[in-house]
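Peer 1:
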């Protein structure tokens, strides 16, 4: 170790100090690691999971020996002669701290690691977390799943959904990840896809539980959160950015076939709505279930709904409008494609050697086995042939969270360790399909599921299936913590279904909800509408002239904002900076450190969406800076201000120092 | 060990065999014991608890040495040199197997013991369990608490109650106990009051978890369940029986003062209702809370409600009617008694040395500290002076489950180890107060809370606070598993509030529910009504002539049945046999082994209460015997029969071989 490195990584008086941050303390007295053995029980109900661990053994380890080698420190931990664990702390060439746990004795499948914590510390990240931006005070099981309906055990909606095993909780997410950022200005990333549970409840430590031994943990520090996020994204990867055509307006989620789509498109255009794309998820046909309108997962066009689709796509393209579709990595058991996949052994198997059928809600599917290179290639080519070559400009690459833990995979790897990884294998399949296309830069796919690697292999996140309401944990406003937490760990681009998706148990979308959601979406990377799971029972913009006019205005803003947004996206591609940034990234005041109802869009815009119905004004917290209200041009200082916020004037502020002041003034004139 | 004993307790091929039952198997390979350390977190919300264990260590032990001594076997268990546990298996003079766990090395506060299980085995007991009679397939946290409202996480009532931390679960009970009976015809009793969790989910073992090391575990076998229960009650104690006057009719729960009570009494007598006692829980006054009408816990008569109470009691006594009251071991902080108790240091303290105030729902109370002999004596004398000497013939001795785990007790014992014991200390206080009275045989107290020792110190159980409906887990029919499970472990006498108690979230008592409950109560040891927590909003028998006539008929049955019931109660006192007996006690068919909707009242009556509204017939399972339908006199064999069951003809059958045939025929004629 060089003298310089010695200063950056040292053990001083029972503390492991990395860049002045005490990462581990009480090295000789505190059980900073425990090993154990457990037996997992996993119940899956349509992507919702019940996890139970029967723990047969847990051994807290004592520090036996601390060794300083040439380029690293090694902690030898153990307990009598039954368990030995070595933790090697190496400062890498990139100035990262790499901690490698190695079991030297014993047969263990559970590991607990305790990091030092400060009482007033905040923690962020752990994938896409929807209920809490600051994770402190809670624990987070990290397991890829449906987000669940309601996501709050105190709501009637969740209670009702739980009767069908479909209610979520504060931690349920399509995208969990064993990566977090501390307000002490370091990140911690664990190289593992096993089930984990990160517990941030204790005042003096964070406890990281793993159902398996991670390959390594990586830490890095920075002097500010912007560069910390940038450094983390250098480790985990960055997005490819967005095609230029996405700046042309909204991507309209429409269904029902060419005729209906064209009718609605014409109607919206007549009201001045600027349209970038038509996203028809039912291009492959529909099936009705009790949950609502579902799609027919055979991945070939429904020629009765969309006759001559390739020609039609071309015609739309001529008028400046792209066509987008939908795909996921499952194949319906009642399709021709299923026969082909079965014949070739492309699907994951059950223990009897047959295709493992997964219940998706009144229909069953085979799971494309991405551990089989031939199956991976088959599905990649399917995307190329059925989507890209047909002229699709993009698609929703749905799902990825449903890998059962009792499948038999082609490579015989453990499904418990593959489950959380599956979304990124699926992302990679899309990534490679796109990369091979000469039009790669003009293609757009977006996913809700994620894992380590999604930062690079997924182009654009969407926040999953919100309920069509204003509810705590599952409504409009909870797309913000989703974007902020995933963004801080390198998923720079996110967006959500305008108007929400899930309509169950009497929750139906109102016109006002749609309008407020559209206002917010104008200040995100992408505007995209969704008709929801029960289109006929919910408010649709194309049925209402006032809402169409409102959407037209929002698309005006969106198009006008393009130069700024393109710069924001460039920061995402080049620096790994999120488009939607938490206030804490630049302002260290305690309210900013926890704020999850507002965000910065890029560096210069502060957005505080109205998240309740029937509001004429809205309280906006402004951190310490000089702000200008977008619509009134009025200057504001820091503090909480009650701001006029009628429909059509969402609370948005720009920084007086911004180089885009003129653009923002133009935008403010479009109200 | 004598040759005879050797045959009864032996270790043969890795199995510990006791009277041909394999209690422990795989002695050398199976971790039949684990030791650990944990830190408990306990949150109490008005008697409802959230328990969380942070387990820092769990060590499965290996068998190191098996020793046969003169009169016992000893298993030395251990793990490397860090944990040693000795399990001594001694056959006592009574032919009981006494297992004594002793920690030889290490500082442990968690113990797991694994007993051998058979795949088709049933388990019963664990105190008063309301949701399941056969406990197999579930685990049972054993911690004294409110039963909780609804007691089923799938019901809307429980969901609503959970918003106020007041919803129960299948295992929540006023009376948990670390004692069970196996269908292999042995009992297991653990001598401990610590928190425990008995897990009967595995096919091949039962896992008993203790948050502390039990003094000992006792096992005993029998050739049939009747003698097994009798043997267990010899170990744990037996009831004193019931005063003769309880045979005179119903004990009426009435409130509102002498005037109102007399009016209603007269009205009921006019309809032919036979009254044994008037139970006026508001003798000490009332206070209104949002939950409903509550009592004023200062334990002195409310002279405005009940003027000259002693004289009035005497007057009622002259007309053959007893008076009963109410008391519990708490003292309201706004009472004169509280000042006296505080001054003398009779209440449990908080860490600051002040009286620990417990929240009982909009009022606070001091907890009489039964570990302080002077406080115990004080409260015992209070019962004598304020109740017995005033002429009370009985009282509800309510509560006992609310001992907080962070109190400081007089004897400095650990409240975690005292919490579950508290109900039996409270029972003992009542027991001693009664025993000192020359009229002891004529006094009656009844409790809902219990623990090991309640078998002797509590005279009569009542099944706690049912909801006023037919609901699963919390309605009428769940008083049956309550009586059966507690009865099998020696609490021979139980009963319930006719009509239920808890009316919340729109649940209100119907006339039909009251009538069905009264029908059932006629075939239990005691008939007692309750007006419920919200008397004005719920059906009351005295408001309805038809219901009064029905109740009159039920009291006729009850009085007529006295000779039989007295014999049943004698069996309780002399043999420890429960008055309400499970079918499995005498019939080993698989349906009988699990039946929890029917019971035998004594040996000869089978009672199958109608547990749903608007039923004209009811399906009755009859085990293998010769049965006679009480009301029609029709003979039935075994099997399930759809039986006529209009109001006034609850499905009751008697055994043809019964010595009480004539009495039953008389009874059947009273329909």
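Protein chains in written order, with full-length UniProt numbering: chain A, 1 to 671; chain B, 1 to 671. Even for Gly, the Cβ is constructed at its ideal location relative to N, Cα and C.
With a threshold of 8 angstroms between beta-carbons, can residue 24 of chain B be considered close to chain A, or not?
Peer 2: By 1-based counting over the second chain, the position of residue 24 of chain B is 24. Cβ-Cβ to chain A under 8 angstroms: no for residue 24 of chain B.
Peer 1: Can you give the Cα-Cα distance for residue 412 of chain B and residue 140 of chain A, rounded to whole angstroms?
Peer 2: Walking along the second chain from the start, residue 412 of chain B turns up at place 412. Walking along the first chain from the start, residue 140 of chain A turns up at place 140. Looking at the two C-alpha atoms, the distance is approximately 38 angstroms.
Peer 1: Scan the region 445 to 514 of chain B and note each continuous beta strand (DSSP E) run of 3 residues or more that stays entirely inside, going in chain order.
Peer 2: The qualifying runs are 460 to 462.
Peer 1: Keeping to the same chain, check which residues put their C-beta closer than 6 angstroms to that of residue 336 of chain A; ignore five residues upstream and five downstream.
Peer 2: Sequence index remark: in the first chain, residue 336 of chain A carries index 336 (1-based). Once the five neighbours on either side are set aside, residue 336 of chain A has no close Cβ partner at all.
Peer 1: Can you tell me whether residue 314 of chain B is buried or exposed? The criterion is at least 16 other CB atoms within 10 Å of its CB, across all chains shown.
Peer 2: Within the second chain, residue 314 of chain B is the residue found at index 314, counting from 1. Under this definition residue 314 of chain B is an exposed residue.
Peer 1: Might you give, ordered along the chain, the residues of its own chain that have their beta carbon closer than 7 angstroms to the beta carbon of residue 109 of chain B, omitting 5 neighbours on each side?
Peer 2: If you number the second chain from 1, residue 109 of chain B lands on position 109. Correct list, in chain order: 37, 38, 211 and 212.
Peer 1: Got a sec: is the Cβ-Cβ distance from residue 154 of chain A to anything in chain B below 8 angstroms?
Peer 2: Here residue 154 of chain A corresponds to residue number 154 of the first chain, with the count starting at 1. Yes, contact with chain B.
Peer 1: Could you check which residue in B:182, B:570, B:271 and B:219 has the C-alpha nearest to that of residue 603 of chain B?
Peer 2: As a working mapping, residue 603 of chain B is identified with position 603 in the second chain. Taking only the C-alpha atoms, the option nearest residue 603 of chain B is B:570.
Peer 1: Pairs of beta-carbons, one from the region 312 to 332 of chain B and one from the region 535 to 544 of chain B, closer than 8 angstroms: are there three or more?
Peer 2: The region 312 to 332 of chain B vs the region 535 to 544 of chain B: no contact.
Peer 1: Buried or exposed: which applies to residue 220 of chain A, given that a residue is buried once 16 or more other Cβ atoms fall within 10 Å of its Cβ?
Peer 2: Reading the first chain from its first residue, position 220 is the one you call residue 220 of chain A. Its Cβ being crowded by 16 or more others within 10 Å, residue 220 of chain A is buried.
Peer 1: Who are the neighbours of residue 141 of chain A on chain B, taking C-beta pairs under 9 angstroms?
Peer 2: In the first chain, counting from the first residue as 1, residue 141 of chain A sits at position 141. By Cβ distance, chain B contributes nothing, its closest Cβ being about 15 angstroms from residue 141 of chain A, past 9 angstroms.
Peer 1: Could you tell me the distance, in whole angstroms, from the CA atom of residue 361 of chain A to the CA atom of residue 293 of chain A?
Peer 2: Translated into the one-based positions of the first chain, residue 361 of chain A becomes position 361. Translated into the one-based positions of the first chain, residue 293 of chain A becomes position 293. If you take the alpha carbons of residue 361 of chain A and residue 293 of chain A, they lie about 11 angstroms apart.
Peer 1: Just checking: is the beta-carbon of residue 274 of chain A within a distance shorter than 8 angstroms of some beta-carbon in chain B?
Peer 2: Taking the first residue of the first chain as position 1, residue 274 of chain A is located at position 274. So, not an interface residue.
Peer 1: What beta strand (DSSP E) runs, 3 residues minimum, are completely inside the region 8 to 56 of chain A?
Peer 2: Within the region 8 to 56 of chain A, the complete beta strand (DSSP E) runs of at least 3 residues are 9 to 12, 15 to 18, 21 to 24 and 33 to 45.
Peer 1: Excluding the five sequence neighbours on either side, which residues of its own chain have a C-beta within less than 8 angstroms of the C-beta of residue 503 of chain A, listed in chain order?
Peer 2: As a working note, residue 503 of chain A is residue 503 in the first chain. Once the five neighbours on either side are set aside, the close Cβ partners of residue 503 of chain A are 292, 467, 468, 509, 532, 533, 534, 537 and 538.
Peer 1: In chain order, what are the residue ranges of uninterrupted beta strand (DSSP E) at least 3 long that sit wholly in the region 218 to 258 of chain A?
Peer 2: Counting only runs of 3 or more, we get 250 to 253.
Peer 1: Is any beta-carbon of chain A found at less than 8 angstroms from that of residue 293 of chain B?
Peer 2: Indexing the second chain from 1 puts residue 293 of chain B at position 293. No - not a single Cβ of chain A is within 8 angstroms of the one on residue 293 of chain B.
Peer 1: From the DSSP output, in three-state form, read off residue 189 of chain B for me.
Peer 2: The sequence position of residue 189 of chain B within the second chain is 189, counting from 1. Three-state DSSP puts residue 189 of chain B in a strand.
Peer 1: For residue 275 of chain B, which beta-bridge partners are listed by DSSP?
Peer 2: Start at 1 with the first residue of the second chain, and residue 275 of chain B comes out as number 275. For residue 275 of chain B, which the question treats as bridged, DSSP gives the partners B:250.
Peer 1: Over what stretch of residues does the beta strand (DSSP E) that includes residue 114 of chain B continue unbroken?
Peer 2: By one-based count along the second chain, residue 114 of chain B stands at place 114. Segment 110 to 116, the beta strand (DSSP E) holding residue 114 of chain B.
Peer 1: For residue 617 of chain B, which residues does DSSP report across the bridge?
Peer 2: Locating residue 617 of chain B in the second chain gives position 617, counting from the first residue. DSSP output for residue 617 of chain B lists B:644 as bridge partner(s).
Peer 1: So the alpha helix (DSSP H) residue 669 of chain B belongs to, where does it begin and stop?
Peer 2: By 1-based counting over the second chain, the position of residue 669 of chain B is 669. Counting along the chain, residue 669 of chain B falls outside any alpha helix (DSSP H), and DSSP gives it neither H nor E.
Peer 1: Do residue 437 of chain A and residue 388 of chain A have their C-beta atoms within less than 8 angstroms of each other?
Peer 2: Start at 1 with the first residue of the first chain, and residue 437 of chain A comes out as number 437. Start at 1 with the first residue of the first chain, and residue 388 of chain A comes out as number 388. Cβ atoms of residue 437 of chain A and residue 388 of chain A: closer than 8 angstroms.
Peer 1: Please check the pair residue 56 of chain B and residue 31 of chain A, which I expect to be a contact at CB under 8 angstroms, by giving their CB distance rounded to whole angstroms.
Peer 2: In the second chain, the residue the question calls residue 56 of chain B occupies position 56. In the first chain, the residue the question calls residue 31 of chain A occupies position 31. With 8 angstroms as the limit, residue 56 of chain B and residue 31 of chain A qualify as a contact, their Cβ atoms being about 7 angstroms apart.
Peer 1: Strictly below 7 angstroms CB to CB, what residues from chain B border residue 80 of chain A?
Peer 2: Here residue 80 of chain A is taken as the residue at index 80 of the first chain, counted from 1. 80, 81 and 82, listed in chain order.
Peer 1: Taking only three categories from DSSP, how would you classify residue 132 of chain A?
Peer 2: As a first step, residue 132 of chain A must be located in the first chain, where it is residue number 132. Coil at residue 132 of chain A, not helix or strand.
Peer 1: Should the region 443 to 450 of chain A be called in touch with the region 459 to 479 of chain A, which here means at least 3 C-beta pairs below 8 angstroms?
Peer 2: Flag = yes, the region 443 to 450 of chain A and the region 459 to 479 of chain A touch.
Peer 1: Below 8 angstroms between beta carbons: does that hold for residue 119 of chain B and residue 148 of chain B?
Peer 2: Counted from its first residue, the second chain places residue 119 of chain B at position 119. Counted from its first residue, the second chain places residue 148 of chain B at position 148. Cβ distance not < 8 angstroms, so residue 119 of chain B and residue 148 of chain B don't count as in contact.
Peer 1: For residue 176 of chain B, list the residues DSSP reports as bridge partners.
Peer 2: Here residue 176 of chain B is taken as the residue at index 176 of the second chain, counted from 1. DSSP, once it has assigned bridges, lists B:127 as partnering residue 176 of chain B.
Peer 1: With a CB to CB cut of under 7 angstroms and the five nearest residues on each side skipped, what residues in its chain are close to residue 621 of chain B?
Peer 2: Here residue 621 of chain B is taken as the residue at index 621 of the second chain, counted from 1. Correct list, in chain order: 591, 595, 598 and 640.
Peer 1: Would a check of beta-carbon distances place residue 55 of chain A closer than 8 angstroms to chain B?
Peer 2: In the first chain, the residue the question calls residue 55 of chain A occupies position 55. Residue 55 of chain A counts as touching chain B.
Peer 1: Residue 529 of chain B and residue 286 of chain B look like a contact to me (Cβ under 8 angstroms); what is the Cβ gap, rounded to whole Å?
Peer 2: As a first step, residue 529 of chain B is located in the second chain; it is residue number 529 there, counting from the start. As a first step, residue 286 of chain B is located in the second chain; it is residue number 286 there, counting from the start. Incorrect: roughly 18 angstroms between the Cβ atoms, too far for contact.
Peer 1: Quick one: what does DSSP say residue 340 of chain B is sitting in, helix, strand or coil?
Peer 2: Here residue 340 of chain B refers to the residue found at position 340 when the second chain is read from its first residue. Correct three-state label for residue 340 of chain B: helix.
Peer 1: Which residues does DSSP pair with residue 62 of chain A in a beta bridge?
Peer 2: Working through the first chain from its first residue, we reach residue 62 of chain A at position 62. Bridge partners of residue 62 of chain A: A:78.
Peer 1: Which residues mark the beginning and the end of the alpha helix (DSSP H) in which residue 380 of chain A is found?
Peer 2: For the purposes of this step, residue 380 of chain A is taken as the residue at position 380 of the first chain. Per DSSP, residue 380 of chain A belongs to the alpha helix (DSSP H) from 373 to 383.
Peer 1: What does residue 535 of chain A touch in chain B if you count any residue whose Cβ is under 8 angstroms from its own?
Peer 2: Stepping through the first chain from its first residue, residue 535 of chain A is reached at position 535. Within chain B, no residue comes near residue 535 of chain A; the closest Cβ sits about 29 angstroms away, beyond 8 angstroms.
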